[in-house]
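Chemist: Please find one structure pasted underneath; my questions will follow.
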Amino acid sequence: MPYYRRVGEIPPKRHTQFRQPDGGLYAEELMGQEGFSSDSSLLYHRHLPTAIVAADPFDPPAWPSAGNRPLKPRHLRTHKLDAGGGDPVLGRAHLLTNEDVRLSYVVADRPSPLYRDAIGDQCLYVEAGRARVESVMGTLEVGEGDYVIIPTSVTHRIVPDGRVRMLVIEATGHIGPPRRYLSTRGQFLEASPYCERDLRGPDEPLYDDATDVEVYVRHRRGWTRYVYANHPFDVVGWDGCLYPWALSIHDFEPITGRVHQPPPVHQTFEGPGFVICSFVPRKVDYHPLAIPVPYNHHNVDSDEVLFYTGGNYEARRGSGIEQGSISLHPGGFTHGPQPGAAERAIGVEYFDELAVMVDTFRPLDLCEPALACEDTGYAWTWAGRNR
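Residue numbers (full-length UniProt numbering): 1 to 387.
The following block contains the structure:
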């Protein structure tokens, strides 16, 4: 994170005695990235955070994946995956994956177990509904349009308030603001489309005195189910620059120009081998001869994923795209607006659209749930045919 936060009770000096009311020491825990060489936070526990009493292998729900062969654009209708309900972690339907990132969709109506992703950061995008993200750092209340970044190895659980729909982006490293938005000391620059005022973090610790508590951990060799002697939510205070945080897509300020602007102006986050962009309602190109919809383009180095999450998708009229749709336009394929969209857009001054884009720099494979909700006629819509 680009700035420091302090929550609860902490001693005036790091790595010094900090005693509980009964005279015993609080247990200090440093959580840090890249060894001791990058962002970190310092937590103070009532009990030892290392005290486990059991550890067993765990096999989570999993789906095989296969390459995009034959290579073609895909349209996934995620709302076809609504049947039943589940929890926001073990109920994720995996859709697209490669060596750097995995994209899943989940419709959840019950709390997740306590969970820790030790492989990389997670970015949750809330399509609809509300939830609480509870963690060792405290609580975040999140709702429609929120991005939630959960750093690697932060123990947390997600508690839906009723029914919540989320796109889940799981990285193999860290997700954060693009480096070009930040000063050399980590402050957001004036040219950034969002800033520190738009970010929300936990503001008070949680406390749970339960014992023999299960925590599910995803790690580089699979999953393990631990039993901890005491609940991980026993932190009295913490400070630092590493913690879960939220940004509303509605606080992303679009960058526009006289002619059509390329997708990097919409970039919101970067991760290892991928970027995340936000397409939000905005005034569009104001050159007198401008064509506001995108030109046909061929991204030779990336696969492009768009999650359509609100508004009117004028450039895609006739393609079958709807609320909750995901389009995959792979590297090696030229794509662009639907037939007639360029002419229809001339003279338009405003786009009322909301979408999350993930561009990956390695090809994405399709998992079984993606194939189960695929609109198989999508690839032929540019030609005006349906197969």
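Backbone N, C-alpha and C fix where the C-beta goes; we use that ideal spot for every residue, glycine too. Small disclaimer: the values here were computed from a predicted structure and weren't measured.
(1) Helix, strand or coil: how does DSSP classify H260 here?
(2) Are the Cβ atoms of G8 and W245 separated by less than 8 Å?
(3) So for residue 389, helix, strand or coil by DSSP?
(4) Are there 16 or more other CB atoms within 10 angstroms of the CB of V53, so buried, or fewer, so exposed?
(5) By alpha-carbon positions, which one of E28, R282, Q267, D198 ends up nearest to R180?
(6) Classify E127 as buried or exposed, calling it buried when 16 or more other Cβ atoms lie within 10 Å of its own Cβ.
(7) Which term fits L103, buried or exposed, when burial requires 16 or more other beta carbons within 10 angstroms of its beta carbon?
(8) Quick one: Cα of A108 to Cα of G23, how far?
(9) Where does V217 sit, in a helix, a strand or coil, going by DSSP?
(10) Kindly provide the ranges of any alpha helix (DSSP H) runs that are 4 or more residues long and lie completely inside the region 310-347, ordered along the chain.
(11) Helix or strand or just coil, what does DSSP make of Y164?
(12) Any contact of the region 218-228 with the region 48-64, i.e. 3+ C-beta pairs under 8 Å?
(13) Can you tell me whether DSSP reads R387 as helix, strand or coil?
(14) Mapping DSSP to helix, strand and coil, what is Y125?
(15) Is it the case that the region 146-163 contacts the region 83-96, given that we only count it when at least three CB pairs across the two stretches are under 8 Å?
(16) Got a sec? Which residues, its chain only, sit under 7 Å from G336 by beta carbon, not counting five neighbours each side?
(17) Return the chain-ordered list of same chain residues with a C-beta closer than 7 Å to the C-beta of R387, the five sequence neighbours on each side being excluded.
(18) Thinking just about the alpha-carbon of each residue, which of D161, G320, S40 is nearest to the one in Y243?
(19) In angstroms, rounded to a whole number, what distance separates the CA positions of V347 and Y286?
(20) Could you tell me which residues DSSP puts in a beta bridge with E253?
(21) Tell me which residues share the same chain as G340 and place their Cβ nearer than 8 Å to its Cβ, disregarding the 5 neighbours each side in the sequence.
(22) Can you tell me which residues form a DSSP beta bridge with S278?
(23) Just to confirm, is the Cβ distance from S135 to T97 under 8 Å?
(24) Excluding five sequence neighbours on each side, which residues of the same chain lie with their C-beta closer than 8 Å to the C-beta of D301?
(25) Would you call D212 buried or exposed, if buried means 16 or more other Cβ atoms sit within 10 Å of its Cβ?
Modeler: Let's see:
(1) The answer is coil: DSSP assigns H260 none of H, G, I, E or B.
(2) Cβ distance not < 8 Å, so G8 and W245 don't count as in contact.
(3) Here the chain has residues from 1 to 387 only, and residue 389 is not among them.
(4) Residue burial annotation: V53 is exposed, with fewer than 16 other C-beta atoms found within 10 angstroms of its C-beta.
(5) Closest option to R180, Cα to Cα, is Q267.
(6) When all chains shown are included, E127 counts as buried.
(7) Here L103 is buried: its Cβ has 16 or more other Cβ atoms, across all protein chains shown, within 10 Å.
(8) Here the alpha carbons of G23 and A108 stand approximately 43 Å from one another.
(9) Residue state, collapsed to three classes: strand.
(10) The region 310-347 contains, as complete alpha helix (DSSP H) runs of 4+ residues, the segments 341-345 (chain order).
(11) The question names Tyr, but residue 164 in the sequence shown is Val. The DSSP-derived three-state label of V164 is strand.
(12) In this structure the region 218-228 lies against the region 48-64, because at least three pairs of beta carbons, one per stretch, are closer than 8 Å.
(13) Any reading at R387 must be qualified, since the residue scores a pLDDT of 45, below 50, and its modelled position is unreliable; no value is offered.
(14) Note: Y125 maps to strand in three-state DSSP.
(15) Contact holds between the region 83-96 and the region 146-163, because three or more Cβ pairs, one in each stretch, are under 8 Å apart.
(16) Annotation for G336: P294, Y295, N296, H297 place their beta carbon closer than 7 Å to its own, counting only its chain and skipping 5 residues before and after.
(17) Unreliable positioning characterises R387 in this predicted model, as indicated by a pLDDT of 45, which lies under 50. A coordinate reading is not provided.
(18) Residue S40 holds the alpha-carbon nearest to the alpha-carbon of Y243 among D161, G320, S40.
(19) Per the sequence shown, the amino acid found at residue 347 is Gly instead of Val. In a straight line, the C-alpha of G347 is about 9 Å away from that of Y286.
(20) BP columns for E253 are empty, so no partner.
(21) So the list reads R317, G318, once near-sequence residues are dropped.
(22) Answer is V356, bridged to S278.
(23) For the pair S135 and T97, the CB atoms are not nearer than the 8 Å cut-off.
(24) Closer than 8 Å at the Cβ level, and outside the excluded window around D301, lie G331, F361.
(25) With fewer than 16 other Cβ atoms within 10 Å, it is exposed.
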